[in-house]
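Taking it in order: structure first as structure tokens, then the write-up.
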Amino acid sequence: MKKLQYLSDYLGRIIHVRHKGKLLMLLNQVLLKMAIIFIVACSACNAEQQNMYTSPDAVSVRPVFFVPEGQSAPTDLMRNLAGRHIKWSQETYSKLLAGRDTFRISPEPPVICKGKYDLSCYKKLPENGAPNFLSEILDYLNMNRFNCPYVFVIIVMNEKDHFPNGGGRPLNGGLNTGGGIVLWNSFNLISCPNNQSTLRHELGHAFGLPHVDVYGYPMNSNASIMSYNRNHHTTGFRESKTPGKFIPEDIRALSLNKRVFPNLCFDSIQDVPKDYRLAPNIIHLGPMKIPNQAPYMVLASTWSGEAFGSKASNAVLGQINTSEGPGNTYNSDNMWHSEHVGKEMASLEMVFPVAVEIDKIIIHSQHSGLSHEAKAVEVNIIAHDSVLKVAKQRLVGIDAPVVFKPTKALRWRLDFKPSDSGYVVIRGLEFFLDNKAVFPPLVNLAGAKRIQPRTEKEQSGEPAHPLD
Numbered sequence: 021m022k023k024l025q026y027l028s029d030y031l032g033r034i035i036h037v038r039h040k041g042k043l044l045m046l047l048n049q050v051l052l053k054m055a056i057i058f059i060v061a062c063s064a065c066n067a068e069q070q071n072m073y074t075s076p077d078a079v080s081v082r083p084v085f086f087v088p089e090g091q092s093a094p095t096d097l098m099r100n101l102a103g104r105h106i107k108w109s110q111e112t113y114s115k116l117l118a119g120r121d122t123f124r125i126s127p128e129p130p131v132i133c134k135g136k137y138d139l140s141c142y143k144k145l146p147e148n149g150a151p152n153f154l155s156e157i158l159d160y161l162n163m164n165r166f167n168c169p170y171v172f173v174i175i176v177m178n179e180k181d182h183f184p185n186g187g188g189r190p191l192n193g194g195l196n197t198g199g200g201i202v203l204w205n206s207f208n209l210i211s212c213p214n215n216q217s218t219l220r221h222e223l224g225h226a227f228g229l230p231h232v233d234v235y236g237y238p239m240n241s242n243a244s245i246m247s248y249n250r251n252h253h254t255t256g257f258r259e260s261k262t263p264g265k266f267i268p269e270d271i272r273a274l275s276l277n278k279r280v281f282p283n284l285c286f287d288s289i290q291d292v293p294k295d296y297r298l299a300p301n302i303i304h305l306g307p308m309k310i311p312n313q314a315p316y317m318v319l320a321s322t323w324s325g326e327a328f329g330s331k332a333s334n335a336v337l338g339q340i341n342t343s344e345g346p347g348n349t350y351n352s353d354n355m356w357h358s359e360h361v362g363k364e365m366a367s368l369e370m371v372f373p374v375a376v377e378i379d380k381i382i383i384h385s386q387h388s389g390l391s392h393e394a395k396a397v398e399v400n401i402i403a404h405d406s407v408l409k410v411a412k413q414r415l416v417g418i419d420a421p422v423v424f425k426p427t428k429a430l431r432w433r434l435d436f437k438p439s440d441s442g443y444v445v446i447r448g449l450e451f452f453l454d455n456k457a458v459f460p461p462l463v464n465l466a467g468a469k470r471i472q473p474r475t476e477k478e479q480s481g482e483p484a485h486p487l488d
């Protein structure tokens, strides 16, 4: 596995070089073939799982009691405690968001998942065993990282100590890409006084929020629940005298996670106090590496060049910005800018970790509201080194959908017709099947699909028995 990981890192660095001349074009083809072999080898999903890659329409929070070998099943007291804490966090999120939205609690009963190993084995694993706990739970529920509709609050049964430490992550990174996890343990559930404030913090991570220090704020004193401010600590079911809150950066990020918060919109007047300097950039968490699950990655390459510090990889699974001013808003960190291709087509080739079925691609081109939009696109798939045309269409607008017959392939190629400038800038791509997202981008500021608002009953998120 170390050799495969090295190959992955190596390809990630080399596959985006500027391909000029026949030799480099040949090298590009060889590297792509190596990349295909690598990602297929890493994708240890069975055939059924590989067909289950569309993202869920909505994500809810669901408790999971994970029972390693030798540990007892959860008691009614533990189930009720977990349910009360999750419900309190739900109410707190609603309060902190001024009643505009909160997360939903799954009406399904808690999951009881028996582990394959004892605690001593899990303690030897990296990241507190979180990827392995998650892998076993997904297998047990016959789900995968792509279609999982839950943020799992995983309570690992442990009668003796604090393993595993608390934690939280989105499965696929970013905001609005699917499910997540919160890591907890039964020892702390019973004995730790500040469970509630910790749960709020870790749920924030599971929904995609980073720590506040990434924005330059102090971890020990900031007002956000995403800090380590001890003044926020709850005691049992008693609230802190100075509870944490959501700072503007938190609300902005949560508003982009429409699968969890479909009714939340960021209001720069309501949510940003006067004289508050909002951090200009949105910083997101990365995808998890999950055993026996395909990686959340798409390899991209081009022989049309990567100009002005851009990379072909920026076109997929990155941050999609809007194309607007004022002035020059080109950003080489999240756009692909071709070299000058004149009247030729600018090509982008993509290799997914599984063969994906797609019937729509939204193409976000141009930057700054002014420059280098794509005028048309030809959609192709590559099978056994043969290029098969799927669709050819003129693009109407700079955030334009291309609709075609459902087509399944591992390798795709998009050929873009440039404007009179002879360049093409792609801010990002979105993929869909039957209007369900496939490999959604980590951050989408330019047209993320809005999930329909939930009903009042759904918004209440009443937990099912035995969590009442």
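The working numbering numbers the first residue of the sequence shown as 21 and each following residue consecutively.
Glycine is no exception: its CB is placed at the ideal position from the N, C-alpha and C atoms.
What you are looking at is a predicted structure, and each value in this text was computed from that prediction instead of being measured.
Could you pull out every residue in the same chain whose Cβ sits closer than 6 Å to the Cβ of residue i, ignoring the five residues on either side in sequence?
{"i": "residue 377", "result": "426, 428 and 453"}
{"i": "residue 405", "result": "none"}
{"i": "residue 169", "result": "76 and 79"}
{"i": "residue 67", "result": "Residue placement at residue 67 is flagged as unreliable, the pLDDT there being 38, under the threshold of 50; a coordinate-derived value is accordingly withheld."}
{"i": "residue 334", "result": "354, 355 and 356"}
{"i": "residue 131", "result": "84"}
{"i": "residue 185", "result": "148"}
{"i": "residue 114", "result": "122"}
{"i": "residue 92", "result": "none"}
{"i": "residue 358", "result": "324, 325, 366, 443 and 444"}
{"i": "residue 345", "result": "388 and 389"}
{"i": "residue 409", "result": "400"}
Determine which residues share a DSSP beta bridge with residue i and list them.
{"i": "residue 217", "result": "Residue 217 pairs with nothing; no bridge assigned."}
{"i": "residue 89", "result": "138"}
{"i": "residue 319", "result": "371"}
{"i": "residue 434", "result": "368 and 399"}
{"i": "residue 200", "result": "171 and 190"}
{"i": "residue 428", "result": "377"}
{"i": "residue 423", "result": "380"}
{"i": "residue 340", "result": "464"}
{"i": "residue 258", "result": "255"}
{"i": "residue 74", "result": "458"}
{"i": "residue 265", "result": "244"}
Excluding sequence positions up to five away, which residues of its chain have a Cβ less than 7 Å from the Cβ of residue i?
{"i": "residue 105", "result": "215, 216 and 219"}
{"i": "residue 110", "result": "122, 123, 125 and 481"}
{"i": "residue 155", "result": "310, 311, 312 and 313"}
{"i": "residue 239", "result": "231, 232, 233, 247 and 248"}
{"i": "residue 316", "result": "165, 192, 193 and 307"}
{"i": "residue 145", "result": "152"}
{"i": "residue 268", "result": "291, 292, 296 and 298"}
{"i": "residue 260", "result": "217, 251, 252, 253 and 254"}
{"i": "residue 352", "result": "328, 329 and 330"}
{"i": "residue 342", "result": "465 and 466"}
{"i": "residue 424", "result": "379, 399, 410 and 411"}
In terms of residue numbering, what span does the beta strand (DSSP E) encompassing residue i cover?
{"i": "residue 452", "result": "445-453"}
{"i": "residue 411", "result": "406-414"}
{"i": "residue 457", "result": "456-458"}
Here's a check: name, in chain order, each residue in its chain whose Cβ is nearer than 8 Å to the Cβ of residue i, leaving out the five neighbours to either side.
{"i": "residue 367", "result": "322, 323, 324, 433, 434, 435 and 436"}
{"i": "residue 287", "result": "none"}
{"i": "residue 175", "result": "83, 84, 85, 86, 94, 98, 102, 204, 205, 206 and 209"}
{"i": "residue 422", "result": "380, 381, 382, 383, 397, 399, 411, 413 and 415"}
{"i": "residue 442", "result": "360, 361, 362 and 363"}
{"i": "residue 548", "result": "Nothing can be reported for residue 548: it is not among the residues displayed for the chain, which extend from 21 to 488."}
Between residue i and residue j, how many whole angstroms is the CB-CB distance? I'm expecting something under 8 Å.
{"i": "residue 340", "j": "residue 272", "result": "No, residue 340 and residue 272 are not in contact; Cβ-Cβ is about 15 Å, not under 8 Å."}
{"i": "residue 244", "j": "residue 264", "result": "6 Å"}
{"i": "residue 445", "j": "residue 392", "result": "4 Å"}
{"i": "residue 304", "j": "residue 223", "result": "So it is not a contact: roughly 16 Å between Cβ atoms."}
{"i": "residue 201", "j": "residue 193", "result": "Actually they are not in contact, since the Cβ atoms of residue 201 and residue 193 sit about 12 Å apart, beyond 8 Å."}
{"i": "residue 139", "j": "residue 178", "result": "6 Å"}
{"i": "residue 332", "j": "residue 326", "result": "6 Å"}
{"i": "residue 388", "j": "residue 350", "result": "6 Å"}
{"i": "residue 318", "j": "residue 370", "result": "5 Å"}
{"i": "residue 88", "j": "residue 135", "result": "4 Å"}
{"i": "residue 262", "j": "residue 462", "result": "Their Cβ separation, rounded to whole angstroms, is 33 Å, which puts residue 262 and residue 462 out of contact at 8 Å."}
{"i": "residue 301", "j": "residue 228", "result": "Not really, about 15 Å apart at Cβ, beyond 8 Å."}
Return the first residue and the last residue of the alpha helix (DSSP H) that residue i is part of.
{"i": "residue 78", "result": "Residue 78 -> no alpha helix (DSSP H), and no H or E assigned at all."}
{"i": "residue 208", "result": "206-211"}
{"i": "residue 243", "result": "Where residue 243 is concerned, there is no enclosing alpha helix (DSSP H), given that its DSSP letter is neither H nor E."}
{"i": "residue 274", "result": "268-276"}
Does the CB of residue i have a neighbour CB from chain D at under 8 Å?
{"i": "residue 191", "result": "The displayed structure is made up of one protein chain only, and chain D is not part of it."}
For the ligand NAP, is there a heavy atom less than 7 Å away from the beta-carbon of residue i?
{"i": "residue 82", "result": "The ligand NAP is not among the ligands present in this structure, which contains no ligands whatsoever."}
Could you pull out every unbroken alpha helix (DSSP H) segment of at least 4 residues lying fully inside the segment 103-181, listed in chain order? Here the runs fully enclosed are 139-143 and 150-160.
For the segment 348-399, list the beta strand (DSSP E) runs that are entirely contained and at least 3 residues long, ordered along the chain. Counting whole runs of 3 or more residues, the segment 348-399 contains the beta strand (DSSP E) stretches 366-385.
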